[in-house]
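Step one of this worksheet: look at the structure below.
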Amino acid sequence: MKNFAGRVLLPLLALALMAGPAAAQKLYKWVDDQGRVHYGDKVPPEYADQDREILNQRGVAVGREQGAETPAAAQARLEQEQQAKAAAEQAQRDRMLLQTYQNIDEIELLRARRLDLIDAQLTIHEQSLANLKKRRADQLKLAQRYAPRNSAENAPPLPEGLAADLERSESDVRVQESNLAKKRGERTAVDQQFDADVARFKQLRRIE
1 MKNFAGRVLL
11 PLLALALMAG
21 PAAAQKLYKW
31 VDDQGRVHYG
41 DKVPPEYADQ
51 DREILNQRGV
61 AVGREQGAET
71 PAAAQARLEQ
81 EQQAKAAAEQ
91 AQRDRMLLQT
101 YQNIDEIELL
111 RARRLDLIDA
121 QLTIHEQSLA
131 NLKKRRADQL
141 KLAQRYAPRN
151 SAENAPPLPE
161 GLAADLERSE
171 SDVRVQESNL
181 AKKRGERTAV
191 DQQFDADVAR
201 FKQLRRIE
């Protein structure tokens, strides 16, 4: 490996010219961690992560190569990008918060409206679930007349239609229970978001 300090750049270039175009190699210029400038036809491994300039045979910069990114440098860059993104998103939310509301009462008013709407939807889900459970209970009661739920020797077999209804009603109840749980989770999330908006609004407006 050839590695030359700045004082031997001219002899290196002269040798490259004497060797002719066929033997010409790329020449690099880089700076070490002490701030010293180096020239060479290869970059030592310990400086592989350094950006470097590409020189022509006259020593004039004609391009630039980016150094290899170490795992630590990549992680640091990723963290910086994530922090910058989070800061930008927070700044945008802050602007929207200040543009949307004039005071905390407006935030609380919108909270009440949103929660009232969700509560109305919850009432519908709960009533629907109650109806589904009642229908299933009626079907189960009817199924007690038939085998295998009825253990009597002369009990008739469960009709195919009733068997299908039982399977369908069980599925309907599970789906509605899932929908109800999601809607309750949505209500909690909305309420918590308004809590956060109120707290942040106080910070931005310097309200005690």
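According to this note's numbering, the sequence shown holds residues 1 to 208 in order. Beta carbons: idealized from backbone N, C-alpha and C, even for Gly. These numbers come from a predicted model, not from an experiment.
Simplified DSSP assignment, three categories, for A23: Because A23 carries a pLDDT of 42, less than 50, the predicted location of this residue cannot be relied on, and the following value inherits that uncertainty. A23 falls in the helix class under three-state DSSP.
Cβ contact (3+ pairs, closer than 8 angstroms) linking the region 188 to 195 and the region 105 to 114: yes
Nearest-angstrom Cβ-Cβ length linking V173 and R136, presumed shorter than 8 angstroms: 6 angstroms
Contact the region 128 to 143 vs the region 89 to 102: 3+ CB pairs below 8 angstroms: no
Identity of the residue in K183, D195, L132 and A196 nearest L166 by Cα: L132
Helix, strand or coil at K42 according to DSSP, with G and I counted as helix: Correct three-state label for K42: coil.
Boundaries (first-last residue) of the alpha helix (DSSP H) holding A87: P71 to T100
Distance between beta carbons of K26 and D41, contact taken as under 8 angstroms: 6 angstroms
CA-to-CA distance, H125 to R175, given in whole angstroms: One detail in the question is off: residue 175 reads as Val in this sequence, not Arg. Distance between the alpha carbons of V175 and H125: 11 angstroms.
Start-to-end residues for the alpha helix (DSSP H) that takes in G63: First-last for G63: A61 to E65, but that is the beta strand (DSSP E), not the alpha helix (DSSP H).
Buried or exposed (CB count within 10 angstroms, at least 16 for buried), V43: V43 comes out buried.
The beta strand (DSSP E) enclosing R52, as first and last residue numbers: R52 to L55
Proximity below 8 angstroms, CB of A155 to CB of A164: At least 8 angstroms separates the beta-carbon of A155 from that of A164.
Exposure of A22, with buried meaning 16 or more beta-carbon neighbours within 10 Å: In this prediction, A22 has a pLDDT of 41, which is less than 50 and means its spatial position is unreliable; what the coordinates show is noted afterwards. With fewer than 16 other Cβ atoms within 10 Å, it is exposed.
Status (buried if at least 16 other CB within 10 Å, exposed otherwise) for I207: exposed
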